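Order-wise, the sequence lines are chains E and C.
For the first sequence, the working numbering gives the first residue as 1, with consecutive numbering after it.
For the second sequence, the working numbering gives the first residue as 1001, with consecutive numbering after it.
Have a look at the structure below before the remarks.
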Amino acid sequence: MTAEEDPHQPVGAYVLHALPPNEEAAFERHLDGCPACRREAAELAEAAARLALTPARAAVVPADLLDRVLDEISRTPQEHVLTGLSPGRRKRHLMSWALAASLAAAATFGGIAAWQSVQANDARNQASGLQNALQSGNKALAGVLTAPDATLHTTKLADGASAAVIVSRAADRAAFVAADLPALSSDKVYELWYAAPSGGLRPAGLLPGSGGRSARVLDRPLGQTVAVGITVEPVGGSRQPTTEPLGIIPVGS
Amino acid sequence: MALLSERAEPDGGPGLRAHAVGRTVGRGQARRRNVRTMPSTVYEEEPEPPAGDDADSVEALLVRVADGDKDAFTGVYEALARPVMGLACRILRDPAQAEEVTQEVMVEVWRTACRYRPERGSAKGWVFTLAHRRAVDRVRHAQAAAQRERRAGAVLAGREHDEVAEAVEDDDERRRAQECMARLARMYRVPLALAYYQGLTYVEVAAALSAPAGTVKSRMRTGLRLLRDCLEAR
């Protein structure tokens, strides 16, 4: 393999599902921070999908397949449908996330706001401490932390760590800071997630499994995000959470 | 695009399928539905035939599926199950496995319809992407890389002929996809075809072609860009 002189180069192989797994994961991380690449990937994927039309070989779809599919979907909860909560099975994580996200959306209009502002002072101190501790290079992080419209949203994580999300709707970005994150085994990392109003989740970036203090700007624009979550995932991260969240931080909407 | 102009590329050799596709297209023209009289931009969000108004488009149906509408789901199935099955068959070469993949894809469509965003692309593109991913994952699982590369080698050497379109192409979009693929210069077409239809990674494609991996990777990107330009150009 040649050196990656151009980080966008894998986009063609990516949409063809032709990157080896490690390179695919790496390229998805690149995509996270590269809106132009996401646009290109979407365009090329649309073209690649047309290749499905060129085998004009008559495929015979068994007549009873539709019935079997209909039977299966009658037992398959849809991702955003909360009534699927109890028999969740494979989708249990997503379901509880969906619920959490809608709770988050509801909560931000009500009582939680006061609680948040009490916590905010602590977290803002913590955030500014972190900011000072950072080497001067991280302008993106400083930019979010100091944005004029920045709002602070804090929580305690399930493992006792404290975490805060700083949101700038104007900049369409968010930052995540945490203290006292437990160290993970060497094959695990922390992964952050954006939760949409529908409950859909997007990867928002990784934190090293070394734990302790962490601060970073989240990957990708904030969009309609109503909550930010954190899970433990295998090194390289996951496309969707594979573990229960350690915490979910409502960020308003 | 200058790069596309190699239309008359003398591809008589162990080429993938350009000449065969060309023949098929020729045959199909007599019967093609002549509905594409509008400017080229309409192609971007092409409604599924029978081309109806917006409410009947697969896009509109898929949006309704996200709300749990099973009639809409049946509509999506009827529009797309056959090409999904065709793609899975082509990649897996096994109708029984292709059927399983088709079922899995359709259930995934139901389950994750909320992720589809009409403003970001066609319903067909979204569903075919899911189908391709599943079929490729399965073929990689079922067949060792060496086996897939041997198959690719057979295709390249012309010993195993890639399927030629059998049906008369009365579907305009399908015909256009075939034409655009056939018009791509071989250096771009072959890597796309080996990756898309054989489930090879770019590294495996490079091995099959004895070409540098970086070159193959960059040709995949350029090839798709040219394909897109061609699809949109008419």
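Beta carbons: idealized from backbone N, C-alpha and C, even for Gly.
All of these numbers come straight from a predicted model, not from anything done at the bench.
Excluding five sequence positions before and after E:VAL167, the CB atoms of its chain that fall closer than 6 Å to its own CB belong to THR151, ALA174, VAL251, given in chain order. Close partners of C:PRO1083 in chain E (Cβ separation under 8 Å): ALA52, LEU53, ALA59. At the C-beta level, C:VAL1076 and C:VAL1107 stay beyond 8 Å of one another. Counting along the chain, the unbroken alpha helix (DSSP H) around C:ASP1229 starts and ends at 1213-1233. E:LEU207 and C:ALA1154 have their C-alpha atoms roughly 46 Å apart.
Residue-level contact check: C:SER1210 does not touch chain E, since none of the beta carbons of chain E fall below 8 Å from its beta carbon. Per the DSSP secondary-structure output, E:PRO250 pairs in a beta bridge with E:ALA227. Excluding sequence positions up to five before and after C:THR1074, its CB lies less than 8 Å from no other CB in the same chain. About 26 Å separates the beta carbon of E:ALA183 from that of E:VAL144, a gap too long to meet the 8 Å contact definition. Using a CB distance below 9 Å, the part of the stretch 1189-1203 of chain C facing chain E consists of PRO1191, LEU1192, ALA1193, LEU1194, ALA1195, TYR1196, TYR1197, GLY1199, LEU1200, THR1201, TYR1202, VAL1203, ordered along the chain. According to DSSP, E:ARG202 shares a beta bridge with E:TYR194.
Residue state for C:GLY1086 is assigned as helix, using DSSP reduced to three classes.
Counting every other CB atom within 10 Å of its CB across the protein chains shown gives C:GLN1147 a total below 16, marking it as exposed. Among the CB atoms of chain E, none fall inside 8 Å of the CB of C:GLY1075.
Rounded to whole angstroms, the Cβ separation of E:LEU246 and E:ALA158 is 5 Å, and the two are in contact under 8 Å. In this chain, the alpha helix (DSSP H) harbouring C:THR1102 covers 1095-1112. Within chain E, no residue has its beta carbon less than 9 Å from that of C:GLN1147; the closest one is some 17 Å off.
Straight-line spacing of the CA atoms in E:THR231 and E:PRO203 works out to 10 Å. Legend: CB atoms of the stretch 1106-1125 of chain C lying less than 8 Å from CB atoms of chain E belong to residues MET1106, VAL1107, TRP1110, ARG1111, THR1112, ALA1113, CYS1114, ARG1115, ARG1120, GLY1121, SER1122, LYS1124, GLY1125. Taking a C-beta cut-off of 7 Å against chain C, none of the residues of the stretch 217-243 of chain E qualify.
A direct Cα-to-Cα measurement between E:THR146 and E:ASP71 gives close to 53 Å.
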